[in-house]
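Going by UniProt numbering, the sequence shown wraps up at 241, each residue one higher than the last. The structure appears right after this line, and notes come after that.
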Amino acid sequence: MTLSETPDRVAGRVLEVCVESFQDAVLAVDAGADRIEYCSALALGGLTPSPGALAMIGNIKAPCMVMIRPRPGNFCYDANDCAIMKHEIAMARACGAAGVVFGATDDAGQLDTDILRDLMAESAGLEVTLHRAFDEVHDQFGALEQAIDLGFDRILTSGGAPDAITGIDRIAALTERAAGRIVILPGVGVSSVNAADILNKSGAHELHASCKTDVAAKDDGAGRVRVAPDRVRALKNAMGI
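Below is the structure:
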């Protein structure tokens, strides 16, 4: 599909764009993003937004899923990390977030169900996405069932691969196994070039992308990730929404 083609509109498809600033959230929504994953420090994989950024959620005209990740590095958390994350969930709720995004694993390469159960209790009434900690576990099909039992609404995944295209067979298998019990959200390397293939081959109805600009770090500050509105529009078009 070329960008000049206009695909048939497909109801029910959703584009989630991850951003690291309020300004980029507004740009992404204006360009057509259906939902925002609201983060800081995308160059580090995404961390919890600052209190000031959270306070601006009410001015973003799309549902915001807030990243809850208190530090960079692995997803093995102790009691202090968990206490911080619970406080961040409470702040996100108070600021009007539609939901939160988190994950936790243990030293054995499995989901840390004890910590996740604690965080899920704090998130009652919010949508909850299990982030790419899921891609770190050894048994994704077992983790899928655990995520469903815990009450997650969706799982963001590249199928355990470096990007969604490479992991497309696993994503398709996870979508089939989920059987509508939880949303499988393909992410990583998603663009207008491959969106149709990912949707068609995986059976997914939602996509997650950063739609980031190619501006060089020297022009935009080291570690800064900015959204490119034209890429959001192109991706929406390629998804048929």
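Using N, Cα and C, we set each Cβ at its ideal position, and we do this for glycine too. Keep in mind that this is a model prediction, so the values were computed, not measured.
For this session: Could you check which residue in His-87, Ser-123 and Gly-142 has the C-alpha nearest to that of Leu-111?
Result: Gly-142
For this session: For Gly-58, I'd like the list of residues in its chain whose CB is within less than 8 Å of its CB, leaving aside the five on either flank, ordered along the chain.
Result: Cys-95 and Gly-96
For this session: Could you name the residues that DSSP lists as bridge partners for Lys-212?
Result: Val-227
For this session: Could you tell me whether the Cβ atoms of Gly-99 and Leu-116 are closer together than 8 Å?
Result: No. Outside cutoff.
Exercise. Can you round the beta-carbon distance between Met-65 and Ile-36 to whole angstroms, since I take them to be within the 8 Å contact cut?
Worked result: 7 Å
Exercise. Can you name, in chain order, every residue of its own chain whose Cβ lies under 7 Å from the Cβ of Lys-212, other than the five neighbours on each side?
Worked result: Val-225, Arg-226, Val-227 and Ala-228
For this session: Inspect the CB distances between the region 21–38 and the region 71–78 and report whether three or more fall short of 8 Å.
Result: Using a Cβ-Cβ distance cut-off of 8 Å, the region 21–38 and the region 71–78 are not in contact, since fewer than three pairs of beta carbons, one from each stretch, lie closer than that value.
For this session: Going by CA-CA distance only, name the one from Gly-45, Val-17, Asp-214 and Thr-105 that's closest to Ala-33.
Result: Val-17
Exercise. Which value, in whole angstroms, describes the spacing of the CA atoms of Gly-52 and His-208?
Worked result: Cα-Cα distance, rounded: 25 Å.
Exercise. Is Glu-88 helix, strand or coil when you go by DSSP?
Worked result: Reduced to three states, the DSSP call for Glu-88 is helix.
For this session: Inspect the beta-carbon positions of Asp-107 and Cys-76 and report whether they are closer than 8 Å.
Result: The answer is yes: Cβ separation under 8 Å.
Problem set entry | 8 Å Cβ cutoff met for Ala-164 and Ile-155 | no
For this session: Give me the Cα-Cα distance between Thr-175 and Asn-200, rounded to the nearest whole angstrom.
Result: 12 Å
Problem set entry | Three-state secondary structure (DSSP) of Thr-166 | coil
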